[in-house]
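Below is one structure; the comments refer to it alone.
Numbering (my numbering), first residue to last: 149 to 321.
Okay, structure coming up:
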């Protein structure tokens with residue numbers, strides 16, 4: 149990020165992480181309201197910055213960077229949890245509103261449909277499945293998926309479009 153690698157006075161991101169880990173944990177805890185989740189995200193943050201070789205000219209620059217990354221990680225987690233809850237709630241409402249006259253037959257049909265969908269998804273190449281999962285289940289945006297997988301946003305869009313077309317074409321067969 150900074151080209152001060154030749155400068156002896158640069159600050160290591162890892163050093164600042166260890167100095168600021170309690171503050172970072174508290175920021176994440178404030179966002180997520182869960183000690184366990186905050187611990188997990190703080191650990192993920194450490195692993196993420198450990199792979200970086202970023203050095204900063206000042207301690208404040210490094211600390212501000214870490215705080216921003218921590219806030220973003222907490223927001224990503226919260227967004228993903230909200231999306232997951234919405235999907236679960238939607239599924240629950242579908243099941244609650246569904247009145248069956250023949251539960252045994254409906255159970256059989258439902259199991260067959262699940263098998264069909266699972267089979268279709270398993271036919272997708274792994275990359276397509278992964279991107280579709282991140283988008284539809286985890287709730288990531290196309291830009292977030294692109295960054296996470298180190299590919300372009302347009303590639304993400306193409307993967308999702310092809311995966312959905314494949315599913316739609318095969319579900320009608």
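For glycine and all other residues, C-beta sits at the position ideal for the given N, C-alpha and C. Quick caveat, the model's predicted, so the values are computed rather than measured.
| Check | Outcome |
| --- | --- |
| Mapping DSSP to helix, strand and coil, what is residue 285? | coil |
| Among the residues of its own chain, which have a CB less than 8 Å from the CB of residue 272, if the five just before and after it don't count? | 280, 311, 314 and 315 |
| Where residue 254 and residue 270 are concerned, what is the direct C-alpha to C-alpha distance, given to the nearest angstrom? | 24 Å |
| Check this for me: beta carbons of residue 172 and residue 214, under 8 Å apart or not? | yes |
| Any idea which residues DSSP pairs residue 159 with across the strands? | 204 |
| Measuring CB to CB, does residue 286 end up less than 8 Å from residue 231? | yes |
| Contact defined as beta carbons within less than 8 Å: I believe residue 219 pairs with residue 159. What is the distance between those atoms, to the nearest angstrom? | Residue 219 to residue 159, Cβ: 20 Å. No contact. |
| What three-state label does DSSP hand residue 166 in the structure shown? | helix |
| Under 8 Å, do residue 318 and residue 257 count as touching if we go by C-beta distance? | no |
| Check for me: the alpha helix (DSSP H) holding residue 299 runs from which residue to which? | Taken as a continuous stretch (DSSP letters only), residue 299 belongs to no alpha helix (DSSP H), as it is neither H nor E. |
| Do you know offhand how far residue 289's Cα is from residue 263's? | 28 Å |
| Residue 226 and residue 179: beta carbons closer than 8 Å? | yes |
| Since residue 270 is in the alpha helix (DSSP H), which residue starts that stretch and which ends it? | 251 to 271 |
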